[in-house]
Structures are given as C-alpha cells and as structure tokens.
Ligand code: CA
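In our numbering, the protein residues as written are 485 to 708.
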C-alpha cells in the first residue's frame, strides 16, 4: 500500500509518512499543490490513496482535487482541512473527495480512514452486479451503463454497490450512512443526498430509464 501526501507543513508531512511507514505503508510527500497535481497526473497508478491538505501554496487542495477528477483520475482522496463549516464539506464531497479529516486529528483516525478508503471487496461476492443496462464489477470497480464506462469515486462506487445488492428494496438513509461511511456524520445529515445526486448525474442523467428512485421520507432504491 502506497500513499501520496500533499501537505505544505513539512513537519506534519514527515510525521504522517513516518507513522504510515510504521504501519507498513509506503508514503511519499510533496509540499505544494502544483507538484502534488503533477505527481497524481503522472503517477496515480503507483498510489492507493492521496492525503490532500486544502491550504497549499501554488494551488489549493480543492483545485487539485477538481482538476484530477476532471481528468477522470479516481484514486481515493482523503482531505485534511482546518475549516469546519457545512458548506465546505459539501463543496469537498461535490468536488470528488472520498472523505475528510478536520485538523487537528489523531493519527489513528488517518489510518482508519485510509483503511476504509482502500478496502478491497471480498472474494466471495458475485463477479458482477447487473440491473437493466447498468453493470458493476466489484473486483475491478468498473461500472458501465449501456456499455459505456462510468467513472465513480470510491464512495460513489460503494453507495451504488450497496443499492445494487438490494434491488427494489427501499434502503434507509441511516442504513446507507452506517454502512458506507463507517463514521459518524452527524454534522452532515444530507451526505447521502449529496452522493445520490452525484450518482444520478453520472448514471441516470443521459439515460431514458432512471434507475435510482427516491422513497420520500425514507431513502432510496434502485429498481429493476
Ligand atoms: Ca497547509
């Protein structure tokens, strides 16, 4: 497992790298947004996840995040942020962040989040899930609709997978939060809706048949 750290506070970058090393992870760090983006563009296949600070010289973490998602790079991104307002969280998630940590944080939290972001699907699961012309392959994390590949972030992928494993069932928001996010998101009760909207943009927008249905006051279901 190899992690890229983009953090301008070198003492923190070093601490993260050392801590990760102790846990058996490999880690590199770069100290500004421009270098970080270049590194991701050229070498994202070498890394399993990115730890990305928001306040960076030369290019902000948010810009880096938006740019790499525009380039269809789907590597899991854990954001480090000092800010703590709802708007910022929604902006981050909308921009394609998979998770975030508010500074200051405990190193164990970093590890837990990284584990969740890079967790491999279990081997016993069916090779592919199919609903209408929507196909999801857990092993390769490839999703396609009508034969056309759709790029999803890891969280979007997990959410879709969870729904597709329960076709025609109304899945409650709380159920989704508990099972997809692993952590308490009390301060962001609309996180599920934010992600569902993103999934709809990617999966349903260009198709005549809408698969994701809202169950008013309950949650969502995917219908066959
Ligand atoms: Ca910083």
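From the three backbone atoms N, C-alpha and C, an ideal C-beta is built for every residue, glycine too.
What is the residue span of the beta strand (DSSP E) that residue i lies within?
i, result
"residue 537", "533-537"
"residue 705", "703-706"
"residue 632", "632-634"
"residue 428", "Because the chain is modelled from 485 through 708, residue 428 falls outside the range shown and cannot be assessed."
In whole angstroms, what is the alpha-carbon distance linking residue i and residue j?
i, j, result
"residue 613", "residue 626", "11 Å"
"residue 697", "residue 704", "6 Å"
"residue 576", "residue 546", "7 Å"
"residue 582", "residue 707", "26 Å"
"residue 692", "residue 555", "26 Å"
"residue 644", "residue 531", "24 Å"
"residue 488", "residue 647", "31 Å"
"residue 654", "residue 660", "11 Å"
"residue 634", "residue 560", "16 Å"
"residue 526", "residue 519", "11 Å"
"residue 608", "residue 540", "Bear in mind that the predicted position of residue 608 carries a pLDDT of just 47, short of 50, making it unreliable; the figure below should be weighed with that in mind. Each residue's Cα considered, the two are about 42 Å apart."
"residue 621", "residue 651", "16 Å"
"residue 597", "residue 676", "18 Å"
"residue 499", "residue 700", "46 Å"
"residue 674", "residue 680", "10 Å"
Is the closest heavy atom of ligand 1 to the C-beta of residue i under 7 Å?
i, result
"residue 540", "yes"
"residue 494", "no"
"residue 612", "no"
"residue 633", "no"
"residue 640", "no"
"residue 547", "no"
"residue 516", "no"
"residue 491", "yes"
"residue 537", "yes"
Going by DSSP, what residues sit across from residue i in a beta bridge?
i, result
"residue 510", "486"
"residue 698", "704"
"residue 584", "563"
"residue 615", "618"
Consider the C-beta atom of residue i and the heavy atoms of ligand 3; say whether any pair is separated by less than 7 Å.
i, result
"residue 572", "Although ligand 3 was asked about, the structure shown includes only ligand 1 as ligands."
Beta carbon of residue i, beta carbon of residue j: below 8 Å?
i, j, result
"residue 586", "residue 534", "no"
"residue 600", "residue 695", "no"
"residue 513", "residue 486", "no"
"residue 563", "residue 524", "no"
"residue 517", "residue 548", "yes"
"residue 521", "residue 550", "no"
Output the boundary residues of the alpha helix (DSSP H) element that contains residue i.
i, result
"residue 657", "657-660"
"residue 684", "675-687"
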